[in-house]
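K.L.:
In my numbering, the protein residues as written are 11 to 171.
Note that the Cβ used here is the ideal one computed from N, Cα and C, for glycine as well.
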Amino acid sequence: VVLLDLEQRDECPGVWASALKEELERASTVGCPIDVVIKVRMYENWLVADPHGINAHTRLFQLSAAQIRSIEPNTADHVRDPVALLKAAKRSHESYDKVRDAIRLVKVVNPMTIAQNSRSFRRFLRVLQIPPYTLQSRNPAATPGRAHVAGSVRTTARRRR
């Protein structure tokens, strides 16, 4: 699986992924299947896709209601500058650090909530064959689950309150 950021490119992620996949398969001498997933905009779009998980880290971050509305429902990939959003939400005296704070946030965000708000993350889960996205990634699953990453992604059901 090849995972790339779209960053500032304006091209269609699906078209770019298909072209890269064809080129990689043509150049490959290994003969194994190749999948390409284009992360729409930046990795941080996936981090902000669970705004309530971010807000659970109350000592460091607090997203406003307007910021949450820009992410939910299913619009995290459209946040044009998720780094600026995270910088604005930062509560502590230290400035936002892309590596250090990403590690902090990954510990509190829920991958299945991220999937609810990010189509590109659902595509990544589909490529990894993670239920409930093994058959499609266009739409969020009807019910979110709880996922933990420890070598692989495992899901268990979780009810919404």
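CA-CA distance, M52 and E17?
P.N.:
Answer to the nearest angstrom: the Cα atoms are 5 Å apart.
K.L.:
Tell me, please, which residues DSSP counts as bridged to L71.
P.N.:
According to the sequence displayed, residue 71 carries Phe and not Leu. Answer by DSSP bridge pairing, in chain order: K100.
K.L.:
Look at the alpha carbon of E104 and the alpha carbon of Q72, and state the distance between them as a whole number of angstroms.
P.N.:
Roughly 14 Å separates the two Cα atoms.
K.L.:
If we count the other Cβ atoms within 10 Å of its Cβ and call it buried at 16 or more, is K48 buried or exposed?
P.N.:
According to the sequence shown, residue 48 is Ile rather than Lys. Buried.
K.L.:
How is V118 classed by DSSP in three states: helix, strand or coil?
P.N.:
V118: coil per DSSP, three-state reduction.
K.L.:
Leaving out five residues on either side along the sequence, give the residues of the same chain with a beta carbon under 7 Å from the beta carbon of G161.
P.N.:
Only weak support exists for where G161 lies, its pLDDT of 30 falling under 50; the value from the coordinates is given anyway. Nothing listed; no residue qualifies.
K.L.:
I'd like to confirm the pairing. Which residues does DSSP put opposite I48 in its beta bridges?
P.N.:
Note: I48 sits in a beta bridge opposite L14.
K.L.:
For V46, count neighbouring Cβ atoms within 10 angstroms of its own Cβ and tell me buried if that reaches 16, exposed if not.
P.N.:
Its Cβ being crowded by 16 or more others within 10 Å, V46 is buried.
K.L.:
Could you tell me the alpha carbon to alpha carbon distance between A3 and E54, rounded to whole angstroms?
P.N.:
Look at the range of the chain in this structure, 11 to 171, and you will see that residue 3 is not part of it.
K.L.:
Whole angstroms are fine: how far does the CA of T39 sit from the CA of P83?
P.N.:
Cα to Cα, the separation comes out at about 42 Å.
K.L.:
Within 10 angstroms of its Cβ, does N127 collect 16 or more other Cβ (buried), or is it exposed?
P.N.:
When all chains shown are included, N127 counts as buried.
K.L.:
For V12, count the other beta carbons within 10 Å of its own beta carbon; 16 or more makes it buried, fewer makes it exposed. Which is it?
P.N.:
That one is exposed.
K.L.:
Output the distance between the C-alpha atoms of R170 and A112, rounded to the nearest integer angstrom.
P.N.:
Bear in mind that the predicted position of R170 carries a pLDDT of just 31, short of 50, making it unreliable; the figure below should be weighed with that in mind. One C-alpha to the other measures close to 25 Å.
K.L.:
Is DSSP giving A29 helix, strand or coil here?
P.N.:
Here A29 sits in helix by DSSP.
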